[in-house]
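Going by our numbering, the first residue of the sequence shown is number 3, and it counts up by one from there. Everything on this sheet refers to the single structure shown next.
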Amino acid sequence: MITPQALAVCIFTAAQTYVVPPSVILGILNVEGGRIGQVVYNTNDTYDIGPMQINSIWLPKLARYWGVSEYRAMEEVRDNPCINIGVGAWILRRKVDETGNLYSGIANYHSASPWLGHNYQEKVITAMQRYRLVRTPLDLLAPGGRGSP
């Protein structure tokens with residue numbers, strides 16, 4: 003279990019480290035709905051890990067970066083909420099850089115499939131609006147807006 007204060011520190015640290023809006027991290031956390039210690043098996047022989055539901059396809063790269071086994075990387079992502087959130091923010095940053103914009107980065111965090119990605123993007127933005135993290139999706143583009151990095 004993690005306290006709300008510790009969770010906030012994890013989110014803001016990850017947001018600052020990877021230059022992504024903390025509001026988007028919160029939106030993704032809400033949509034993913036994962037829990038510390040959770041592993042969810044997918045139909046494509048991969049699995050999603052922890053609060054940000056990090057897909058197992060990332061484990062080889064994380065293991066290399068960290069100099070540990072894939073199993074150890076999985077344990078860290080599964081059991082340490084700050085590491086999980088940090089990895090999620092790192093993946094989001096990579097997707098934003100690959101696509102050139104935050105909207106597409108949010109979509110591709112979930113899937114490279116345009117249809118699946120767009121639906122996911124809408125869910126994240128809706129979650130952000132529900133918690134009043136953004137008023138409209140345009141808030142994510144506004145310099146200095148609540149959704150800006």
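Note that beta-carbon positions come from the ideal geometry of N, C-alpha and C, so glycine has one too. Note that the coordinates shown come from a computational prediction; the quantities given were computed from them, not determined experimentally.
Through-space distance from residue j to residue i, alpha-carbon basis
i	j	result
G146	S25	Below a pLDDT of 50, predicted positions are generally treated as unreliable, and G146, at 38, falls in that range; the measurement from the model is reported next regardless. In a straight line, the C-alpha of G146 is about 13 Å away from that of S25.
I51	L94	15 Å
T19	I27	12 Å
N121	Q131	15 Å
A65	Y105	28 Å
Residue of the options minimising C-alpha distance to residue i
i	options	result
F14	I87, G52, Y73 and N82	I87
Y133	A8, C12, T5 and G29	G29
E77	Y67, W92, L61 and G90	L61
A129	Q7, G35, I85 and L118	G35
A10	H112, C84, I108 and G102	C84
V31	L118, V98, V89 and A114	Residue identity differs from the one stated: residue 31 is Leu in this sequence, not Val. Residue V89 is the option with its Cα nearest to L31.
I108	L64, V126 and Q7	V126
I56	N121, G119 and H112	H112
V22	K97, N82 and P116	K97
As assigned by DSSP and simplified to three states, the class of residue i
i	result
P145	Caution applies to P145, whose pLDDT of 44 falls short of 50 and renders its modelled position unreliable; the value that the coordinates give is listed next. Of the three classes helix, strand and coil, the one that applies to P145 here is coil, per DSSP.
I4	coil
N110	helix
Per DSSP, cross-strand counterpart(s) of residue i
i	result
V42	D50
I56	I51
Classification of residue i by the beta-carbon crowding that lies within 10 angstroms, buried from 16 upward
i	result
I59	exposed
M54	buried
A91	buried
A16	buried
N103	exposed
Residue-level contact to chain C via CB, residue i, 8 Å cutoff
i	result
I13	Among the chains of the structure shown, chain C does not appear; only one protein chain is present.
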